[in-house]
Every structure is written in structure tokens, then in C-alpha cells.
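Each position in the sequence shown, counted from 1, maps to that position plus 699 in the working numbering.
Glycine included, each C-beta is placed from N, C-alpha and C at the ideal position.
Have a look at the structure below, then the notes.
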Amino acid sequence: MRRETKMNSIYESIKAATTTGVVAVMFMTTTGGSIAFAEDAKKPMPPALKDSPEAGGCMPDVSKAEALQNAAKSKATKSEAAKSAASQSAASQSATASQTATSKEAASAKRSQKKLLAAADESWRAKPPTLPAPKEFKMPEVRTYKLDNGLKVQLVVDHRFPYITTFLGMKTGTIADDPESLGVADMTADMLKEGTKTLKSKQIAEEVDFIGGSLNAVSDYDFTIVSSSALSNYTDRMFSILHDVLFNPSFPEDELKLKKTNWIQELTMKRSNPDYLLEERFRKVVFGKHPYGVVSPTPAMIEKITQADLQKFHKANYIPNDSTLIVLGDIDEKKIDEQIKATFGSWEKGERKAGELAEAAVNKERRVYVVDRPGSVQTALMIGNLGIKKKDPDYFATRVMNQILGGSAHSRLFLNIREQKGYTYGAYSSMPARIHPDAFSAGASVRTEVTAPAVKEFLFELDRIRDSAVTKEEIDDAKAYLVGQYQLGLETQAGFAQRLLEVDLFDMPADYLETFTKKIMAVEAADIQRAANRVIQSKDLVITAVGDASKIKSGLETYGKVELYDANGELTTMANPTKPADTKTIEQ
């Protein structure tokens, strides 16, 4: 009753307010819900407001029966509206789903089209890119002159970096050693930076570190090279240390003793290395008593080296009149000549005494030399013969031939023996060239059980490159590789300085560096086959193997008479492998 009275009162208040202006009243149900707004008081109140069942049954002008009837109609209307809304929503969802499906189909079709286009666009991947023609190397300006003592000097200015590099090459090496006292040339070079008349080895090392550089000396078969480098603002100090180690070495006794001990221990360790044993035996057979046949002196020879031996060798063989100095880098052109003169001008001339060299061995018929390593699971193989020297007319053709045969991981030996047969991790060939003919060789380390089959494949490839012409693709690839590798090596100061020094030490033509690319590119298939027939002596090859003789010897006998050696280089037999076959020790 109170609720009805209250609603009537509110209604009357609204009705009265319509004559006075704008009113906005929100009717609230007992649940707090909004039921209507009337914003324009000038318009009559909508009848629906009066009869609205939302008024909670408080309708003074309508009977309760009518109110119930109206409420039922209202609910039915709402139900119909809800059904209509649900139907419209379903239709909308269906339309949306249809549009989504159509959109997905379109996206899928678009992706398929992109894939087809991409496949068409990437058809170029099936063909390797065509390499451009190699660029010719343009030689920078080289200023050359000689000091009064005969030292040849070559200067190359390069201000790109604040750095300077020097290489001093002398035409002496292990080839100048007395055959009865090997190791002196190596030891002399190695001891240069171990002490002078004024500095100890540690002081020399500290000075080199301070100037941000390096100092090295090494002796090979033909040459001795002393190199140094430094930040260019320390050029004076670099030349000072270089002068001291070159002309005032003291070869201190304590350092010499340590060097000898370390070298002997190193050789002892190398006796367990199959690659060392392989090279030692191979070079002994190919070169015989020629100096190139020496891989290292014996421990007894090393032990006998004295300070007096080093001093004598240094005086006799470190001379300026057949040496060359390369200075390259951020040079102060106003000062460099005086710096060089102050460093090397007092170096006294000498006379180099060239001794007679033994001739390299002449190997007739194919022979097999096995170094026994009981229990070895691999066999190290090296097959080859005497090669050519650096100044040989066939040098460039032989370089290309070797590259095709076994110069890299896409060469014939690798593709056959590793990729096709799976006998090894890598198979290669090598053709170093020196003042005198060096050795051509091909080799790999293979599983013990495939030793004989691997030798068969090596011989097959060596004969194939002799007997049939190589393809144009092989020639083009080999040339591109050699030229690219060569020119890349000229990019650094040290690389270019070494190449420049090489030209002089080997007495190569002055345009050697500039014409290298042209001469490689001029090699043709006929040149390669001619060089292969000349260099690879198929019927007289030396076959060397290091492995378990009890497992590999019988298979290798297929390829020639087998000689067996132990790890110390002693000729031995299978019947008694721990003792020499006779009293003869293989020549060192």
C-alpha cells in the first residue's frame, strides 16, 4: 500500500511539472533498475509510461487483470524480439563465418601464388654464379737501391696504417749445413733473439712488445729470413733491436742448452707421430743424400752443437752482398734512408762458399716403403716422386694441374677417396717448388682395412690426369682458386713483403708478381696434360706407408716390392720387427 501511494505521488508530481518546463526523471524499480526518461515536458507523457508493467503493478487507472494481461503481452513481445535478435545474430555470424572462410581461401591462394612466384624467381639457385674475370694485380711503386756493402733495399710506401714491416732475406739455409753436423743453420736463426752483447732474451721480448711489433728468424732449406714489425712511430727502436740481434748475437750458453734439450724432446715426441715418420721416410727415399732429404738432425747431432758452431756459421753465411731487405708501410720518406744506412751500413761483405750438393736419388720401378706402427688403426700414405724447381718453364701449368688433382677439397683426389669411397677425411696433393727440384706427392690417412684399395684409387687418379684431358670446368675452377688465393695473400703488409722478397731470392723476373695472374689464366688443357706426364712418374712412384705392417704389408705387395722399417728408421723384418734386419742404419 505504501509502495502504490508512493508511485502515485511521484506520477502526480511529474504530471504537474509538465506545465512548468523541462524535467528529466528516472523511475527506479524496486530492484534499482532504470525504466524511463522524460526530457521534453512540453510533450504529453507517453501512455506507455502510465501503463508500464515496470511500475511494479502500481497503476491506479488500470485493473489488475488488465495489468496481468498487458504484462503477458509485453513478455511475449520481448520473447519474439529476442528470437528475432537471435536469428539476426545467427545470420550475422553465418555471414561473418562465410566471409572469414572466403578470406582464408583467398589468403591460401595468395600464399600458393607467392610460392610459385618464389620458385620461379629462385630458379637461378640451380646454377652457380658466373665469376668475373680476375683483376690484374697492379704493382705499387717500389724504390730499389743498394748500399755500399751490396745489400739490396726495396722500399714500398703505404700510409693506410701506422705500421711498418721489414723482411731481410739471406741466401743461406740448412742446405749450407755440414752433412755430419746438421742443425746448425736452424739453431743459429733460432738463437738470434735469445740474447745479444747488451740485452738478454727477456729484455728483447719486452722491447718488441713495447713497440707493438714482432721479431722472428727462421731458416729453411734455401734461405734464412729475419722479419720485424712495429708501430711506425717506433721505427727507430725497431731498427735498433733488429741491428742488435743481427750483428751482436751472443748465443748464450744457458739459452743454447735449453734449446737443445727442448729440440731433442720434441724429436722424441715426433717419433710417435705417423705424419712425421711418413715425411721422413718419403724424403729419404726420393732425395737420397741430397740436403732436401733431411727432415731433422738426429738427437746426437743436436747434442754436439756448440756456441762456437753458431758463431762460425753466422760469420760465414750472414752476409749482405747476396741479401735483400724489404721495408714496407708507413715510412717517413725523409728519414728512412738514413735509418737503413745506420742499421745495415756497417755490415761487412763476405764471400759465400757454395759447396757441392749430392744429387737427388734416381728411383727406378715402383717401390713400397712401410714404417711399422703396431696397433695403428690408420695408415698414413704418401705417394710421389721428384718434382720441379721454381724457375721451371712448366711451373704455372704444374700449379694448375696440382690444383685439379688434389689442391683443395673440391679436387679429384678428395672427391674420389673421401666423398665417393669414404676411406679418409681428406686426400690431397702437393707440389712445393724451391731453388732445386722438390718432391711432388699425394697422400692421406686412411682406415687400416682400406689401405690397399686407397692406394689403388690414388694410382687411378694419377694415371687419369696423365692420360686424359681435364674438363673446361675443372680448369676454370682451378684458375679462379689459384688467382684468388694469390691476390688475397698480397693484401697485407707481411704478405706482400714476402712475395716481393720471394721474387728476389729466387731470381724471378721483375714482373713476376704482375704477370702471375696472366700466366695462370693462359694455361690450357694440353699444358696440364703435358705437365702431368712430365711430373708424375707413374711407373717409378715411391709409395710410403706408416701403419700396422702385419695388416697392410700383404695388400701393398700388389703394387711393388716392400721394404719394412721401424719407427727409428731402421730396416727390419716381419719375423723380428724390433731389431734391425742388418747392422746398417739408414742414412740421415
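_Along the chain, where does the alpha helix (DSSP H) containing Val1149 start, and where does it finish?_
Residue numbering aside, residue 1149 sits at position 450 when the sequence shown is read from its first letter. No alpha helix (DSSP H) holds Val1149; DSSP gives it neither H nor E.
_Tell me whether the stretch 960-975 and the stretch 1071-1081 touch, counting them as touching only if at least three CB pairs, one residue from each stretch, are closer than 8 Å._
The stretch 960-975, when compared against the stretch 1071-1081, does touch it at the 8 Å Cβ threshold.
*CB Leu1161 to CB Gln1102, shorter than 8 Å?*
If you number the sequence shown from 1, residue 1161 lands on position 462. If you number the sequence shown from 1, residue 1102 lands on position 403. 8 Å or more divides the Cβ of Leu1161 from the Cβ of Gln1102.
*Can you give me the Cβ contacts of Asn932 inside the same chain, cut-off strictly under 8 Å, excluding the 5 residues immediately before and after it?*
For the purposes of this step, residue 932 is taken as residue 233 along the sequence shown, with counting starting at 1. Excluding its 5 nearest sequence neighbours in each direction, Asn932 has C-beta neighbours in its own chain below 8 Å: Pro861, listed in chain order.
_Inside the stretch 1188-1265 only - beta strand (DSSP E) runs reaching at least 3 residues_ = Here the runs fully enclosed are 1241-1246, 1260-1264.
_Taking the straight line between their C-alpha atoms, what separation do you get for Lys1178 and Lys1171?_
The sequence position of residue 1178 within the sequence shown is 479, counting from 1. The sequence position of residue 1171 within the sequence shown is 472, counting from 1. Cα to Cα, the separation comes out at about 11 Å.
*By Cβ distance below 7 Å, which residues in the same chain neighbour Ala888 in space, the five residues on each side in sequence not counted?*
As a first step, residue 888 must be located in the sequence shown, where it is residue number 189. Here the set comprises Ala916, Val917, Ser918, Thr923.
*Taking 8 Å as the threshold, find out whether the stretch 1056-1064 comes into contact with the stretch 1191-1203 through three or more Cβ pairs.*
At 8 Å Cβ cutoff, the stretches do not touch.
*asked:* I need the boundaries of the alpha helix (DSSP H) containing Tyr975, first residue and last residue.
replied: One-based indexing of the sequence shown puts residue 975 at position 276. For Tyr975, the enclosing alpha helix (DSSP H) has its first and last residue at 973-986.
*Go through its chain and collect everything with a Cβ distance to Tyr1127's Cβ below 6 Å, but skip five positions before and after it.*
Locating residue 1127 in the sequence shown gives position 428, where the first residue counts as 1. So the qualifying residues of the chain are Gly1105.
*asked:* Please classify Asp1265 as buried or exposed, where buried requires at least 16 other C-beta atoms within 10 Å of its C-beta.
replied: Here residue 1265 refers to the residue found at position 566 when the sequence shown is read from its first residue. Classification of Asp1265: buried, given that the 10 Å Cβ count is 16 or more.
*Considering Ser900, what are the terminal residues of the beta strand (DSSP E) in which it resides?*
Here residue 900 corresponds to residue number 201 of the sequence shown, with the count starting at 1. Unbroken run through Ser900 is the alpha helix (DSSP H), 900-909; no beta strand (DSSP E).
*Any 3 or more C-beta pairs closer than 8 Å across the stretch 1061-1070 and the stretch 1209-1226*: Short answer: they don't touch.
*So which of Lys1217, Ile1164, Asp1176, Ala1221 has the shortest CA-CA distance to Ala1230?*
Residue 1230 sits at position 531 when you count from the first residue of the sequence shown. That would be Ile1164, whose Cα lies nearest to the Cα of Ala1230.
*Measuring only between beta-carbons, confirm whether Leu966 sits less than 8 Å from chain C.*
The displayed structure is made up of one protein chain only, and chain C is not part of it.
*State the Cα-Cα distance for the pair Met1220 and Lys1034, rounded to the nearest angstrom.*
On the sequence shown, residue 1220 is found 521 positions in, with the first residue counted as 1. On the sequence shown, residue 1034 is found 335 positions in, with the first residue counted as 1. Rounded to whole angstroms, the separation of the alpha carbons of Lys1034 and Met1220 is 41 Å.
*Count the other CB atoms, across all protein chains shown, that sit within 10 Å of the CB of Phe1159; report buried if there are 16 or more and exposed otherwise.*
Numbered from its first residue, the sequence shown carries residue 1159 at position 460. Residue burial annotation: Phe1159 is exposed, with fewer than 16 other C-beta atoms found within 10 angstroms of its C-beta.
*Taking Cβ to Cβ, would you say Leu1024 is nearer than 8 Å to Leu850?*
Counting from 1 along the sequence shown, the entry for residue 1024 is found at position 325. Counting from 1 along the sequence shown, the entry for residue 850 is found at position 151. Going by C-beta atoms, Leu1024 is nearer than 8 Å to Leu850.
*With DSSP collapsed to three states, give me the class of Ile1082.*
As a first step, residue 1082 must be located in the sequence shown, where it is residue number 383. DSSP, read as helix, strand or coil, puts Ile1082 in strand.
*Between which two residues does the alpha helix (DSSP H) carrying Asp1008 extend?*
Counted from its first residue, the sequence shown places residue 1008 at position 309. Looking at the DSSP string, the run of the alpha helix (DSSP H) that includes Asp1008 is 1006-1016.
*Look up Tyr1068 in the DSSP assignment and give the residues it is bridged to.*
The count along the sequence shown starts at 1 and reaches residue 1068 at position 369. Bridge partners of Tyr1068: Thr1243, Glu1262.
*Are Ile1242 and Asp1029 touching if we call contact CB-CB under 8 Å?*
The sequence position of residue 1242 within the sequence shown is 543, counting from 1. The sequence position of residue 1029 within the sequence shown is 330, counting from 1. No; because the gap between Cβ atoms is not below 8 Å, this pair is not in contact.
*Could you check the C-alpha separation between Asn1115 and Val1099 for me, to the nearest Å?*
Locating residue 1115 in the sequence shown gives position 416, counting from the first residue. Locating residue 1099 in the sequence shown gives position 400, counting from the first residue. Each residue's alpha carbon lies about 19 Å from the other.
_For Gly868 and Leu1200, which I take to be in contact (beta-carbon distance under 8 Å), what is that distance rounded to the nearest angstrom?_
Your numbering for residue 868 matches position 169 in the sequence shown. Your numbering for residue 1200 matches position 501 in the sequence shown. Contact between Gly868 and Leu1200 holds, since their C-beta atoms are separated by about 5 Å, short of 8 Å.
_Collapsed DSSP secondary structure at Lys851 in the structure displayed_ = Residue mapping note: residue 851 aligns to position 152 of the sequence shown, counting from 1. Looking at Lys851 - three-state DSSP - the assignment turns out to be strand.
_Here's the rule: buried if 16 or more other CB atoms are within 10 angstroms of the residue's CB, otherwise exposed. What is Ser1253?_
Position 554 of the sequence shown, counted from the start, is the residue given in the question as residue 1253. It counts as exposed.
*Do the CB positions of Arg1072 and Val1245 come within less than 8 Å of each other?*
The residue labelled residue 1072 in the question sits at position 373 within the sequence shown. The residue labelled residue 1245 in the question sits at position 546 within the sequence shown. Their beta carbons are under 8 Å apart, which means Arg1072 touches Val1245 by this criterion.
*Less than 8 Å separating the beta-carbons of Glu1213 and Phe909?*
Here residue 1213 corresponds to residue number 514 of the sequence shown, with the count starting at 1. Here residue 909 corresponds to residue number 210 of the sequence shown, with the count starting at 1. Taking 8 Å as the Cβ cut-off, Glu1213 and Phe909 do not qualify as a contacting pair.
*Report buried or exposed for Leu1085, applying the criterion of at least 16 other Cβ atoms within 10 angstroms of its Cβ.*
Position 386 of the sequence shown holds residue 1085. When all chains shown are included, Leu1085 counts as buried.
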